[in-house]
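K.L.:
Just dropping this structure here.
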Amino acid sequence: MKIQGQIVDIQNKRIYKGEITIKAGKIASIEEKDHDVNHYILPGFVDAHIHIESSMLVPSEFAKLAVRHGTVSTVSDPHEIANVLGVKGVEFMIENGKQTPFKFNFGAPSCVPATNFESAGAVIDSDDIKTLMANPDIKYLAEMMNYPGVLFNDEEVLKKIAWAKHYNKPVDGHAPGLRGDDISKYIAAGISTDHECFTYDEALEKLQKGMKVIIREGSAAKNFEALIDLLPEHFENIMFCSDDKHPDDLLLNHINKLCVRAIAKEIDLFKVLQAACINPVKHYNLDVGLLQENDAADFIVVEDLKQFKTLQTYINGALVYDFGKVNIKDVAFKNLNNFNCDKKEISEFRYESSAKKIRVIECLDGELVTNQVITNSLIDNGNLISNTETDVLKITVVNRYNNAKPAVAFIKNFGLKKGAIASSVGHDSHNIIAVGVSDDAICKAVNAIIEAKGGISAVNNSETKTVALPVAGIMSDKNGETIGEQYATLDAMAKQMGSKLNAPYMSLSFMALLVIPALKLSDKGLFNGSDFNFVTVEAN
Numbered sequence: 017m018k019i020q021g022q023i024v025d026i027q028n029k030r031i032y033k034g035e036i037t038i039k040a041g042k043i044a045s046i047e048e049k050d051h052d053v054n055h056y057i058l059p060g061f062v063d064a065h066i067h068i069e070s071s072m073l074v075p076s077e078f079a080k081l082a083v084r085h086g087t088v089s090t091v092s093d094p095h096e097i098a099n100v101l102g103v104k105g106v107e108f109m110i111e112n113g114k115q116t117p118f119k120f121n122f123g124a125p126s127c128v129p130a131t132n133f134e135s136a137g138a139v140i141d142s143d144d145i146k147t148l149m150a151n152p153d154i155k156y157l158a159e160m161m162n163y164p165g166v167l168f169n170d171e172e173v174l175k176k177i178a179w180a181k182h183y184n185k186p187v188d189g190h191a192p193g194l195r196g197d198d199i200s201k202y203i204a205a206g207i208s209t210d211h212e213c214f215t216y217d218e219a220l221e222k223l224q225k226g227m228k229v230i231i232r233e234g235s236a237a238k239n240f241e242a243l244i245d246l247l248p249e250h251f252e253n254i255m256f257c258s259d260d261k262h263p264d265d266l267l268l269n270h271i272n273k274l275c276v277r278a279i280a281k282e283i284d285l286f287k288v289l290q291a292a293c294i295n296p297v298k299h300y301n302l303d304v305g306l307l308q309e310n311d312a313a314d315f316i317v318v319e320d321l322k323q324f325k326t327l328q329t330y331i332n333g334a335l336v337y338d339f340g341k342v343n344i345k346d347v348a349f350k351n352l353n354n355f356n357c358d359k360k361e362i363s364e365f366r367y368e369s370s371a372k373k374i375r376v377i378e379c380l381d382g383e384l385v386t387n388q389v390i391t392n393s394l395i396d397n398g399n400l401i402s403n404t405e406t407d408v409l410k411i412t413v414v415n416r417y418n419n420a421k422p423a424v425a426f427i428k429n430f431g432l433k434k435g436a437i438a439s440s441v442g443h444d445s446h447n448i449i450a451v452g453v454s455d456d457a458i459c460k461a462v463n464a465i466i467e468a469k470g471g472i473s474a475v476n477n478s479e480t481k482t483v484a485l486p487v488a489g490i491m492s493d494k495n496g497e498t499i500g501e502q503y504a505t506l507d508a509m510a511k512q513m514g515s516k517l518n519a520p521y522m523s524l525s526f527m528a529l530l531v532i533p534a535l536k537l538s539d540k541g542l543f544n545g546s547d548f549n550f551v552t553v554e555a556n
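Count along the sequence shown starting at 1, add 16, and that's the number in my numbering.
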């Protein structure tokens, strides 16, 4: 097979008219050749850090959407399903992904459970990491979120890192806000990347100390604007990722959008594409072609080098996307799950207290970090309740693995004026998390999730809508268009009920993410992520 176009040679920083010959899935030759074809041929995009599960799609369905945007490969942390199902969940992701041409590269989740301050569905210890690291399908040790464990020489944490080193596989980082001597020690442990930088200075320090910085732009956490000015000088040590991308977003764009935005800032094309296409392949030693002779024939054909509209995507020489048509077959699979709690009563969401001041989570749109604020409480018959006038709403996390009393606290900036929203996508342990204006609405939203054994729900005055997520309670067994449309409907419903957040369900899912400061809620209670301690709702 021969393909002509304008060849974008990123590594030699040139563009020329040429012809590519493909034999047996590899690039047999690339020759300069005069022709009239104006389309551009370049290596495919690689998402350098993503949780496939956050797309609410199994890998084989994720692939069908990603190839439309020129993505040929991902560096994927199956941390979410691992927290529900353990090693069995990781194996499910690998096997499902293998049945497509798309190049998934899964890591071994390093933090299952993410902390000891929440209830998860499984444990992956250092012995499990040893087994996973010996598997050639596991490419790296996934994000080491337990940075206190690294800093305080936790034996189990250091064993996990040691097994990655033993098998000569990279170790991914996760160290939001870590600076100075602490980040130096974290890097010295062998951790080579971070996708959690949220300021320019933080990312610059990490780059200067030898880390690779992954610029993240997902459905909730958006750090592109804060960090992109580092790219011109540090292009050899920067990558792009989405981390968490909801299905409606993935229908619209992927890593291609970051390239569009970087080019619009007049950053050098070759530097942008180095970050988007080359650096992840080299850092993680991926079996992904870079448009060189003898490489795997993994490349894309785009209309231009400003909008990067993908016309065709090739993986191992197979045309997996062709002018609007996806050539990836459906994959049959069995739904795995771990959901073991009974429906709740309204009374279980009461918070008995006479406190006049309460400690409140302040949700920040587009950020995983939160603030802690102290505000006046609203009390009804001895029960702390939501206050829609001040936008201080009740939030709950319900253990989905066992019957237990729901944890209750309060949150600001969700904006709901009526009803409630809930989800069993609750990072990291994927318990049920809900926010609402009344105990009754919260209970209805939570019970809708329990009834479906996983999903997202919205309750207003007249109806309850649910999108079922029967695969581990976090992924759909439907295709991308279906789940994207269903998700968009609930997203719109949450906004109609008053939420001003860009992605209310994505933001909701991170309110239980204890490893990101400052204030979060687990199924065991309100948690201060800055000093890793539980705190009381009462602030009197």
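Glycine included, C-beta positions come from ideal geometry on N, C-alpha and C.
From which residue to which residue does the alpha helix (DSSP H) around THR147 run?
P.N.:
Here the alpha helix (DSSP H) through THR147 covers 142-149.
K.L.:
Pair every Cβ in the region 510-524 with every Cβ in the region 328-343, then say whether three or more of these pairs are closer than 8 Å.
P.N.:
Contact fails: fewer than three Cβ-Cβ distances are below 8 Å.
K.L.:
Which value, in whole angstroms, describes the spacing of the CA atoms of PHE61 and ILE271?
P.N.:
Whole-angstrom Cα-Cα distance: 6 Å.
K.L.:
Work out the CA separation of ASP25 and HIS65 for me, nearest whole Å.
P.N.:
In a straight line, the C-alpha of HIS65 is about 24 Å away from that of ASP25.
K.L.:
Would you kindly check if the distance between the Cβ of PRO125 and the Cβ of ALA136 is under 7 Å?
P.N.:
The answer is no: Cβ separation not under 7 Å.
K.L.:
Buried or exposed, going by whether 16 or more other CB atoms sit within 10 Å of the CB of GLY398?
P.N.:
Answer is exposed; the Cβ neighbour count stays below 16.
K.L.:
For PHE8, tell me which candidate among GLU47, LYS201 and VAL83 has the shortest Cα-Cα distance.
P.N.:
The requested residue 8 does not occur in the structure, where the chain is confined to residues 17 to 556.
K.L.:
Quick one: grab the DSSP three-state call for PHE441.
P.N.:
One detail in the question is off: residue 441 reads as Val in this sequence, not Phe. Of the three classes helix, strand and coil, the one that applies to VAL441 here is coil, per DSSP.
K.L.:
Among residues of its own chain, excluding the 5 on either side of GLN328, which ones have a beta-carbon nearer than 8 Å to its beta-carbon?
P.N.:
Correct list, in chain order: ILE316, VAL317, LEU335, TYR337, ASP338 and PHE339.
K.L.:
Considering only the alpha carbon of each residue, which of LYS434, ASP358 and SER393 lies closest to TYR417?
P.N.:
When only C-alpha atoms are compared, the closest one is ASP358.
K.L.:
Looking only at its chain, what residues have a beta carbon closer than 6 Å to the beta carbon of SER258, apart from the 5 residues adjacent to it on each side?
P.N.:
Contacts found: ASP63, ILE66 and GLY234.
K.L.:
Should the region 37-46 be regarded as contacting the region 228-243, the criterion being three or more beta carbon pairs within less than 8 Å?
P.N.:
Cβ pair count under 8 Å is below three, so no.
K.L.:
Pull the bridge partners of ALA436 from the DSSP assignment, please.
P.N.:
BP columns for ALA436 point to GLY452 and VAL475.
K.L.:
Is the Cβ-Cβ distance between GLY541 and ALA423 less than 7 Å?
P.N.:
Going by C-beta atoms, GLY541 is nearer than 7 Å to ALA423.
K.L.:
What do you get for ILE203, buried or exposed, if any count of 16 or more other CB atoms within 10 angstroms of its CB means buried?
P.N.:
ILE203 is buried by the Cβ-count criterion.
K.L.:
Going residue by residue through the region 461-510, where are the continuous beta strand (DSSP E) segments of at least 3 residues, counting only ones entirely within it?
P.N.:
Within the region 461-510, the complete beta strand (DSSP E) runs of at least 3 residues are 471-475 and 480-484.
K.L.:
Return the CA-CA distance between VAL553 and ALA371, expressed in angstroms with no decimal places.
P.N.:
Between VAL553 and ALA371, the C-alpha separation is close to 9 Å.
K.L.:
Could you have a look at ARG366 and say whether DSSP puts it in helix, strand or coil?
P.N.:
Residue state, collapsed to three classes: coil.
K.L.:
How many Å lie between GLU249 and LEU285 at the Cα?
P.N.:
Answer to the nearest angstrom: the Cα atoms are 13 Å apart.
K.L.:
Which of the three DSSP states is assigned to ASN99 in this structure?
P.N.:
Reduced to three states, the DSSP call for ASN99 is helix.
K.L.:
Using a Cβ-based criterion (distance less than 6 Å to any ligand heavy atom), does LEU321 qualify as near the ligand ZN?
P.N.:
With respect to the ligand ZN, the structure shown offers nothing to examine, as it has no ligands at all.
K.L.:
Can you tell me where the alpha helix (DSSP H) holding VAL297 begins and where it ends?
P.N.:
Note, VAL297: alpha helix (DSSP H), 295-299.
K.L.:
DSSP three-state call for ALA44: helix, strand or coil?
P.N.:
Note: ALA44 maps to strand in three-state DSSP.
K.L.:
Which residue marks the beginning of the beta strand (DSSP E) containing GLY165, and which one marks its end?
P.N.:
It is not in any beta strand (DSSP E) - GLY165 instead sits in the alpha helix (DSSP H) that spans 163-167.
K.L.:
Which one of GLY86, GLN115 and GLU378 has the shortest CA to CA distance from ASP346?
P.N.:
Selected option, being the one with the closest Cα: GLN115.
K.L.:
Between LYS6 and SER208, how many whole angstroms is the CB-CB distance? I'm expecting something under 8 Å.
P.N.:
Because residue 6 is not part of the residues shown, which for the chain are 17 to 556, the question remains open.
K.L.:
Below 6 Å CB to CB, which residues in the same chain sit around SER402 once its five sequence neighbours on both sides are set aside?
P.N.:
Excluding sequence neighbours, SER402 sits near LEU409, LYS410 and VAL453.
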